Amino acid sequence: QGGTPQSGRQSTAGPHQRIKSVVLVGSGKGGVGKSTVAAGLALTLRRMGAVVGLMDADVYGPSIPQLLGLEGRPAINDQKKIEPIRLANDFPVMSMGFLIEKDQAVIWRGPMLHGSITQFLGDTQWGELDYLIIDMPPGTGDVALTLSQAIPIAGAVVVCTPQEVALLDAIKAISMFRKVDIPILGMVENMSGFSCPGCGKIYDIFGRGGTRDRAQELGVPFLGTLPIDIALRIAGDEGRLADVIAEDERARVPFDGVARALVRGLAGRAQVHPGRPQLPTL
1 QGGTPQSGRQ STAGPHQRIK SVVLVGSGKG GVGKSTVAAG LALTLRRMGA VVGLMDADVY
61 GPSIPQLLGL EGRPAINDQK KIEPIRLAND FPVMSMGFLI EKDQAVIWRG PMLHGSITQF
121 LGDTQWGELD YLIIDMPPGT GDVALTLSQA IPIAGAVVVC TPQEVALLDA IKAISMFRKV
181 DIPILGMVEN MSGFSCPGCG KIYDIFGRGG TRDRAQELGV PFLGTLPIDI ALRIAGDEGR
241 LADVIAEDER ARVPFDGVAR ALVRGLAGRA QVHPGRPQLP TL
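Count the sequence shown with this note's numbering and you get residues 1 to 282, in order.
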């Protein structure tokens, strides 16, 4: 064991052949912290040594630029490719949030939505990546179908909170991914308990453990829990998510656990599915 969390190369074609593994992060409903989990997972894999890109496919409600404190307009390079906005020069990010004003609504029919998603994938200068993490729109829309037809997908991570209503919607998201033949890499329970910064006591505000139980019932991996963290919430509001995940142990350790579980799961899938490369575990 050991090494960096670098995935094996998927059998992609065209401009995507330089992306080794594409991982979707989805949820059955909004408000469960999906975008924070997607960004945190991408940042954690990057900190562990992988080369990672982050694509915001939540076209109607892009929040990745805010979480990471990124702004600007992507340029077109000499190869007629879109240059993504980069965090610290080595972390490419693409989002509809870079193309519209913060208070501007996107009102598109399906074909325009699909066109933007495929353009983000195919026309962005992603470069060589170990992982492309894609923040999905919440719910069970047809963006997953668009992505499954555009590029080989390593699998999907489904984020939910412990409440029963969130779990019911997460089951629908899992069903959607399965219908379009996207493997389920696992479930993450976000907002799983609140750790008081003063005394350290854990308060189960939204409950705890429901996601683990439901994952077992559904036969999908459980990747771990992420507690409610005030520092993480403030950092996201201020565009400093990357700094907190890098520097704050209380925020970093839970994401480390989820990232390692994800990479081990990808490695296991590579070993049991013929034709897929073997991946090093952590």
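Just so it is clear, CB atoms sit at the ideal spot from N, CA and C, and this is done for glycine as well. All figures in this text were calculated on a predicted structure; none of them were measured in a lab.
Where Ile134 falls: helix, strand or coil (DSSP): Taken through DSSP and simplified to helix, strand or coil, Ile134 comes out as strand.
Our contact map puts Val159 next to Ile184 with C-beta atoms below 8 Å; I'd like the distance itself, whole angstroms only. With 8 Å as the limit, Val159 and Ile184 do not qualify as a contact, their Cβ atoms being about 12 Å apart.
Express the C-alpha separation of Glu217 and Gly72 in angstroms, rounding to a whole number. Roughly 45 Å between the two C-alpha positions.
Residue(s) in a DSSP beta bridge with Asn190: Looking at the DSSP output, Asn190 shares a beta bridge with Leu226.
Can you tell me whether DSSP reads Thr211 as helix, strand or coil? Three-state DSSP puts Thr211 in a helix.
Could you tell me which whole beta strand (DSSP E) segments of length 3 or greater appear in the region 4-87? Here the runs fully enclosed are 19-26, 52-56, 85-87.
Under 8 Å between the Cβ atoms of Ser27 and Asp58? It is not a contact, given that the beta carbons lie outside the stated cut-off.
Report the partner residues of Val158 according to the DSSP bridge assignment. Val158 pairs with Gly26, Met187.
Beta-carbon within less than 7 Å of Val188's beta-carbon, same chain only, minus the 5 sequence neighbours each way: which residues are those? Taking C-beta separations shorter than 7 Å and ignoring five residues to either side along the sequence, the partners of Val188 in its chain run Val37, Val157, Val159, Leu223, Gly224, Leu226, Val258, following chain order.
My understanding is that Lys29 touches Asp169, with C-beta atoms under 8 Å, so please give their C-beta distance in whole angstroms. Cβ-Cβ separation between Lys29 and Asp169: approximately 4 Å, consistent with a contact (criterion under 8 Å).
Around the Cβ of Asn190, are there at least 16 other Cβ atoms within 10 angstroms (buried) or fewer (exposed)? The residue is buried, with at least 16 neighbouring Cβ atoms inside 10 Å.
May I ask which residues mark the beginning and end of the alpha helix (DSSP H) holding Met94? Looking at the DSSP string, Met94 is not in any alpha helix (DSSP H); the run it does join, the beta strand (DSSP E), is 91-95.
Check whether the region 206-213 touches the region 243-250, taking contact to mean three or more Cβ pairs, one atom from each stretch, closer than 8 Å. They do not touch, by the three-pair rule.
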